[in-house]
Structures are given as structure tokens and as C-alpha cells.
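Q: What follows is a single structure, and I will ask about it in a moment.
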Amino acid sequence: KAGVTQTPRYLIKTRGQQVTLSCSPISGHRSVSWYQQTPGQGLQFLFEYFSETQRNKGNFPGRFSGRQFSNSRSEMNVSTLELGDSALYLCASSSDSNQPQHFGDGTRLSIL
Amino acid sequence: DQQVKQNSPSLSVQEGRISILNCDYTNSMFDYFLWYKKYPAEGPTFLISISSIKDKNEDGRFTVFLNKSAKHLSLHIVPSQPGDSAVYFCAAPLGNTGNQFYFGTGTSLTVIP
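Below you can see the structure in the form of C-alpha cells.
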């Protein structure tokens with residue numbers, strides 16, 4: 074069974090730009106969650122999508138948004154990038170609520 | 452608001468000895484806890500979980516203990532092996548709908564051969 078795939082693996086952007094990250098979940102998984110990992114902060118929950126609807130949302134500004142397609146693939150968009158957005162962005166999928174999540178290897182975003 | 456806390460950023464243990472990783476939480480609504488392991492340049496992988504109706508769950512060399520009154524859980528690895536060297540995160544989901552997980556900041560375990 075193929076795992077969670079995130080693209081791209083690395084990305085360099087400058088302040089003010091916008092970026093779109095992609096996540097393909099494990100086949101059959103309808104829940105896709107996004108996390109931001111920065112040094113010393115652990116994994117911070119961004120949002121979760123289930124059947125194309127945002128089901129949960131963390132405490133991030135509106136510059137962070139996402140969507141999910143009918144095939145469960147998900148994208149995350151960050152607009153007006155700031156230096157503090159430099160982080161590892163992780164996507165995780167699961168089959169149902171409160172089940173262990175399967176993570177992709179992340180997208181490393183660097184803002185110059 | 453860090454609802455799941457791992458107060459030890461790092462831990463070093465000799466190969467063959469026991470590794471004990473600790474995690475505290477503040478929200479009494481949490482009723483399910485998980486441990487993940489993360490190697491550099493890879494995403495976290497699920498290790499073991501425990502429901503609040505239990506106080507212990509074992510899987511091979513890994514055992515998780517839950518003390519609800521103290522809002523504390525721990526992961527025991529015995530015997531520790533060099534391949535166990537990784538960052539370990541504890542996590543808990545909040546709510547009955549969906550997957551909003553709270554993660555600790557992680558403990559970096561080094562097992563010395």
C-alpha cells in the first residue's frame with residue numbers, strides 16, 4: 074500500500090509570495106490533516122479535511138488555507154509568506170476519527 | 452497553549468537498558484493517547500497507543516503507561532537498541548469528531564552502543 078505522498082519535498086520562497094503544497098493520502102483514507110513543525114514547537118495542528126469539507130481548524134491566521142478534492146488529495150496554501158512561516162509542513166491521513174495517522178515525509182519550506 | 456507537554460528535550464541511554472520517555476497533559480477531556488517516532492528527514496510513524504480505560508498497553512519492547520489522576524503517560528522501551536534513536540512525540544486527539552491532534556514538543560532519544 075503506497076504511503077502518504079507530499080510534494081514538493083523542498084521549497085524556497087521570498088516574503089510576500091504565496092505557496093501551494095500537495096498531499097496524496099493513503100488510498101481509502103478520507104481524512105487529511107496538516108501540521109506545521111518548527112524547532113521547539115512540536116507539531117502544530119493547522120486543519121483537517123474529510124470528504125472535501127474542513128472538519129477541524131487550528132489557531133493559524135487566515136493566510137493558511139486548504140482544500141480537499143473528491144479523490145481525497147489535499148492542498149495547502151499559504152499567502153503573503155512571512156519569515157516565520159519557515160517550517161516543515163506535514164500531511165497525515167487516516168481512515169476515521171481518532172485513529173492513528175499516517176504521515177508523509179513533509180515539505181520543508183524556507184522563506185528568504 | 453501547550454495541552455500536551457514533553458519536558459525533556461533529550462535523553463541518552465545505554466544499549467540494552469530501559470528508556471523512559473515522559474509526557475504530561477492538561478486537558479482532562481483527552482481519552483486516547485498515541486506515541487509517534489520520527490527519524491530525520493522522515494515523517495512521524497505511529498508506535499503505540501492507549502485508551503483512557505486502560506492504564507497499560509504493551510507491544511513487544513514498547514509499553515505505554517497512563518496515570519489519569521496525574522495526567523501523565525510514559526513510554527518504556529526495553530531493551531533499548533541503537534535503532535531506537537529518534538525523536539518521540541506523544542499526542543492526543545480532542546473531541547469526538549475528526550482528527551484534531553495535539554502533539555508534545557518531542558524528546559530526542561539517543562541509544563549509545
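From first to last, the protein sequence lines stand for chains A and B.
Residue 152 in my numbering sits at position 79 of the first sequence, with consecutive numbering throughout.
Residue 545 in my numbering sits at position 94 of the second sequence, with consecutive numbering throughout.
Cβ coordinates follow ideal geometry from the N, Cα and C atoms, glycine included.
#1: Extract the residue ranges of the beta strand (DSSP E) inside the region 115-147 of chain A, only unbroken runs of 3 or more that lie entirely within it.
#2: Beta strand (DSSP E) containing glutamate 493 of chain B: first to last residue?
#3: Flag glutamate 155 of chain A as yes if its beta-carbon sits less than 8 Å from any beta-carbon of chain B, otherwise no.
#4: Give me the subset of the region 121-143 of chain A whose CB atoms are less than 9 Å from a CB atom of chain B, sorted by chain position.
#5: Drop a sphere of 10 angstroms on the beta-carbon of asparagine 129 of chain A, count the other beta-carbons inside from all chains shown, and report buried for 16 or more, exposed for fewer.
#6: Grab me the residues of phenylalanine 497 of chain B's own chain with a C-beta within less than 7 Å of its C-beta, minus the 5 sequence neighbours each way, in chain order.
#7: For proline 460 of chain B, which three-state DSSP category applies?
#8: Using a C-beta to C-beta distance shorter than 9 Å, which residues of chain A count as neighbours of phenylalanine 554 of chain B?
#9: Under 8 Å by Cβ, that's how I've got leucine 116 of chain A and leucine 163 of chain A pegged, so tell me the actual separation to the nearest angstrom.
#10: Using three-state DSSP, classify leucine 156 of chain A as helix, strand or coil.
#11: Assign leucine 185 of chain A to one of two classes, buried (16 or more other C-beta atoms within 10 Å of its C-beta) or exposed (fewer than that).
#12: Let me know the secondary structure DSSP gives proline 81 of chain A once reduced to three states.
#13: Counting beta carbon pairs with one atom in the region 472-481 of chain B and one in the region 514-524 of chain B, are three or more of them shorter than 8 Å?
#14: So lysine 507 of chain B is in the beta strand (DSSP E); what residue range does that whole segment cover?
#15: List, in order along the chain, the chain A residues whose C-beta lies closer than 7 Å to that of proline 495 of chain B?
#16: Quick check on serine 145 of chain A - is its C-beta less than 8 Å from some C-beta in chain B?
A: According to the structure data:
#1: 115-123, 126-130 and 137-141
#2: As a position in the second sequence, residue 493 of chain B is number 42, starting the count at 1. Looking at the DSSP string, glutamate 493 of chain B is not in any beta strand (DSSP E), and its letter there is neither H nor E.
#3: Looking up residue 155 of chain A in the first sequence gives position 82. Not an interface residue.
#4: Glu121, Phe123, Arg128, Asn129, Lys130, Gly131 and Asn132
#5: Against the first sequence, residue 129 of chain A aligns to sequence position 56. With 16 or more Cβ atoms within 10 Å of its Cβ, asparagine 129 of chain A is classed as buried.
#6: Taking the second sequence and counting its residues from 1, the one referred to as residue 497 of chain B is at position 46. Excluding sequence neighbours, phenylalanine 497 of chain B sits near Leu485 and Tyr487.
#7: The residue given as residue 460 of chain B occupies position 9 in the second sequence. Three-state result, proline 460 of chain B: coil.
#8: Numbered from 1 along the second sequence, position 103 holds the residue referred to as residue 554 of chain B. Those within 9 Å of phenylalanine 554 of chain B in chain A are Tyr108, Gln110, Gly115, Leu116, Gln117 and Phe118.
#9: In the first sequence, residue 116 of chain A corresponds to position 43, counting from 1. In the first sequence, residue 163 of chain A corresponds to position 90, counting from 1. The Cβ separation is near 7 Å, so the contact holds.
#10: On the first sequence, position 83 is the one that residue 156 of chain A refers to. Here leucine 156 of chain A sits in helix by DSSP.
#11: For this step, residue 185 of chain A is matched to residue 112 along the first sequence. Under this definition leucine 185 of chain A is an exposed residue.
#12: As a working mapping, residue 81 of chain A is identified with position 8 in the first sequence. In this structure, proline 81 of chain A counts as coil in the three-state DSSP scheme.
#13: yes
#14: In the second sequence, residue 507 of chain B corresponds to position 56, counting from 1. 507-510 is the extent of the beta strand (DSSP E) around lysine 507 of chain B.
#15: Translated into the one-based positions of the second sequence, residue 495 of chain B becomes position 44. In chain order: Phe176.
#16: As a working note, residue 145 of chain A is residue 72 in the first sequence. No, no contact with chain B.
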